[in-house]
Every structure is written in C-alpha cells, then in structure tokens.
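Asks: Line by line, the protein sequences are chains A and B.
In case it helps, our numbering puts the first sequence at residues 1056 to 1187.
In case it helps, our numbering puts the second sequence at residues 13 to 293.
Idealized CB from N, CA, C, for every residue including glycine.
Here you go, one structure.
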Amino acid sequence: MPGIDECLLEAMRLPGARGAAVVDWTSGLALGTVGDSPGGDHERTAAEAAELARLAAEHRAFAPEGDADWSENACPVEDLIIANRDSYHLLRFVPTTFDSSVFLHLWLAREEGNLALARIRLGEMAGRLVLG
Amino acid sequence: MTTVRMPSPPPLPLRQRAQIPSAGLSPMLDRLAGERATGVLMREGGMLYLSEGQVVYAESPATPGLDALLITRGTLDADGWREAVAQAGARQRVGRFLVDSGRIGEGALELCHLGALYDAAYFVLGPSSAPVHFRYGEAHWLGPVHPVPVAALERETVRRRELLHGIWPDPATDEAPLVRAARPAKLTVTPRQSAVLDRIDGVRTAADISRALGRPAFHTLVDVRRLAAAGVIAPSGVGGGRPSAEPAGGGTSPAPTEPTLPHADPHITLLKRLRDALEAL
C-alpha cells in the first residue's frame, strides 16, 4: 500500500516518463509532483490539467452515467490521453471510497514512451494508491 | 422642436468589492515557518498545527474534518475511528495506527488528509482582523501524515480565492443560507452539483451542505459559485425574508416550504445578477 510519493516514483520508472503528479480536479491543487513539467511549473500544469479533467468528468458525452458518483469504486471516465508532437499526457482518474476528485497525471516522452503499457500501469497504480 | 429633458437616473447602490490580498496572508505564520516552530496557530477561522515549521493539520468550523470526510461516506466506521483515537491519540500516532491496523491505505489517508488540510487552511487563512495566537509545543493527535510547507499552503490559498473570484465575483453565497431560483435558467447540472442542489432548502449554508455530503467545503463553494453564476441559486438574504433562525448544525430539519428568489421574472433576475457581477468586479 504505497503513499503518494511512492506512487509517483513508480510512475517515473515507466520508460519515457518525464514527470508525474497527483492532482485534485475541483480545485486544481497538485497534491504531489515529481520530475519535470511542461514549462517547468508543476502548479500551473496541475491547474490546467485539472480543467481538462473536469470537463471530461462533468460532460455527459464523456461521462455517460449521468448519476454516477466520482468517488465510488469505478469512475465513469477511466483516463484521458493527449498526444502532441513530442509527448503524451495521460490523466488517470483515481476512485476513492471518500468524496474526492483526484487524478494521476503522467507526462511521457513520445519516442521512448509506450502508451499502452503506461495506460495499464497507471491504472494499476491508481488502484493501489487507494487500496484500503 | 421639443426637447425632452431626461432626469438623470438614480445612482446604483455600491457594494463592497471582494478583496483578494495577494500575499502576506499571515506574517506570524511566515515567521513561525522561518523559526521551524512546533505548536498550534489559532486564528478567527480555525487552527493550523505546525511541526518544525511545516503544517501537519488544519481545522476549521467551516469545513468537515478528516474524521467526517472518512466516516460520512463509510470509508471508516465511527467505532473504528474512535478506537484509533483512543489507542493512539495520546501518543499522536492516530494516522499511523489507522494504516498499520489495516483500516485505510496509506495513499487513501494521504489524499483525504491533504484534501482536508488545504480545505481547512483556506478558511483559517481567510481575511480577519481578530487577534492571532500561537501555542508552542502542542502536537496534533493525528501525527505526521504528509506535512505541507507554509509557502505552498499560502500560495494555494491565494490561488483558490482567485479561482472562486473568477467563477463568480460575489462572495455572498459562501456563507449565507441558500435558496433556489424560482424559474432557473435551463442548465445541465453535473452530478456533483446536483448533490449540492438537492440539499438547498433556504436554511443550509454551503458549510452545512459540505458536512451533509462529507465533501471538502471549498469543493462545495466552487459548485455553489458556478450555480450562482448560472442564476440557479442565490443567498437567501437578497431583498427578501432571511430565515429567522440560524442553522444550529448539520442535523437541522429542512424548512417546510421551499423559499425562492423574490424576483420571479427571469429577465429582472438576470439584470440584477449582471449588475451584481459588474459591481463586484
């Protein structure tokens, strides 16, 4: 049962990982960060990623179960993938048994990174992070 | 040719602007961080516990505490929590005890604890002119879970004020009992917002709703300001009858009739909201 810091360090061991963070998407707060972030400012990146996560979480087109609760065992949206010219951003929602709005954010170099592997691993990490 | 002289319109009433102090939330807190102090800082809005200059716990009457967040949604049962406090409270190791006894995962405790800490600190560090006290040496019963530097906490608190201000500049809905609009605009309400909306009864404040939901109070304020901006809800004091009794706590009974905004005409409501928003800028 790892804590936030162990979880982030584990994410950084993925091939191509540039940086990672645990972020609250309601407030935009970075609860933990490791490595680099685009522009070098983790707090700003967290606030921007939170906006993206919030839109996905709140719009019916992406979160189809309208009455689903984001703090139950399964989130209506599992993850978001942004691909740009040289990197991927992977946002993985973290289900908790208490009321929360948390996701893991992994920034991955496109050449060295393996998106499929990162998706699987990040999902496992999100589950282990809150294992009771 | 006739000239019609228009009388100049009466001046609009001016309201106090929302104040966002940019830095220096608490000079005393900065000094205590500098000297790596241990103890409890008591301000009008609540308390911050420091350990060697870092914040280890925050509590405020405006927010549900860590225990409420964990118990309300069933992550922990109340007996398990009481047992942990009884077993490990005296030696300030409740957090460690909860994890070691398998009641909660380390990551889950850290996430909930940090959420509660930043949430309470937002209210503790709110504007206040009341005297501030610090008691040296006092440790919190939870024990260290995930200490936060004072500078990070202050930065986040200022950012949160700006976030709320950006959503809707009028802070009136933060503390007042809330009412629903009589004829709200058509709006898609998110699941988290509808949980808030369902509990609005003309008596409950945002803080009461947070306690009922077991949700950090700042999270409720974000949704409340969004709903206020959309004209779906309003503070109940606006030009109408304020409920006579203040809510006594989480368990107050809802009002029998649902009070609504005094202005039933949606156009007038819209104009008033526009005026309020412009004044608050």
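Examine chain A for any beta-carbon lying closer than 8 Å to the beta-carbon of Pro-259(B), and answer yes or no.
Replies: Unreliable positioning characterises Pro-259(B) in this predicted model, as indicated by a pLDDT of 42, which lies under 50. A coordinate reading is not provided.
Asks: Using a Cβ-Cβ cut-off of less than 7 Å, list which residues of the stretch 211-243 of chain B approach chain A; keep chain order.
Replies: Leu-225, Gly-226, Arg-227, Phe-230, His-231 and Val-234
Asks: So, helix, strand or coil for Asp-220(B), using DSSP?
Replies: helix
Asks: Tell me the residue span of the beta strand (DSSP E) that contains Ile-1137(A).
Replies: 1134-1138
Asks: So that I know if they touch, is there some Cβ in chain A lying closer than 8 Å to that of Arg-85(B)?
Replies: yes
Asks: Going by the beta-carbon positions, is the gap between Leu-82(B) and Phe-1153(A) smaller than 8 Å?
Replies: yes
Asks: Quick check on the DSSP output: the alpha helix (DSSP H) that includes Ser-206(B) runs from which residue to which?
Replies: 203-209
Asks: At which residues does the beta strand (DSSP E) containing Glu-71(B) begin and terminate?
Replies: DSSP places Glu-71(B) inside the beta strand (DSSP E), whose first and last residues are 66-71.
Asks: CB-CB under 7 Å to Gly-261(B), same chain, minus the five flanking residues each way: which ones, in chain order?
Replies: Low per-residue confidence applies at Gly-261(B): pLDDT is 42, beneath 50, and the placement is therefore not dependable, though the value from the model is reported in the following sentence. Here the set comprises nothing.
Asks: Helix, strand or coil: which one does DSSP assign to Leu-290(B)?
Replies: helix
Asks: Inspect the CB distances between the stretch 95-102 of chain B and the stretch 34-53 of chain B and report whether three or more fall short of 8 Å.
Replies: no
Asks: Can you give me, in chain order, the residues of the stretch 115-138 of chain B that have a beta carbon less than 7 Å from any beta carbon in chain A?
Replies: Within the stretch 115-138 of chain B, the qualifying residues are Ile-116, Gly-117, Glu-118, Gly-119, Ala-120, Glu-122, Leu-123, Cys-124, Leu-126, Gly-127 and Tyr-130.
Asks: Any idea which residues DSSP pairs Tyr-61(B) with across the strands?
Replies: Val-52(B) and Tyr-69(B)
Asks: Apply the 10 Å Cβ neighbour rule to Val-144(B) and answer buried if 16 or more other Cβ atoms are within range, or exposed otherwise.
Replies: Classification of Val-144(B): exposed, given that the 10 Å Cβ count is below 16.
Asks: Taking beta-carbon pairs under 8 Å, can you tell me which members of the stretch 164-177 of chain B lie near chain A?
Replies: Arg-167, Glu-168, Arg-171, Arg-172 and Leu-175
Asks: Nearest to Arg-48(B) by alpha carbon, out of Arg-173(B), Ala-142(B), Val-160(B) and Asp-182(B)?
Replies: Val-160(B)
Asks: State the DSSP-derived secondary structure class of Ala-102(B), mapped to helix, strand or coil.
Replies: coil
Asks: Could you tell me how far apart the beta carbons of Ile-116(B) and Leu-88(B) are, in whole angstroms, since I believe they sit closer than 8 Å?
Replies: Ile-116(B) to Leu-88(B), Cβ: 6 Å. Contact.
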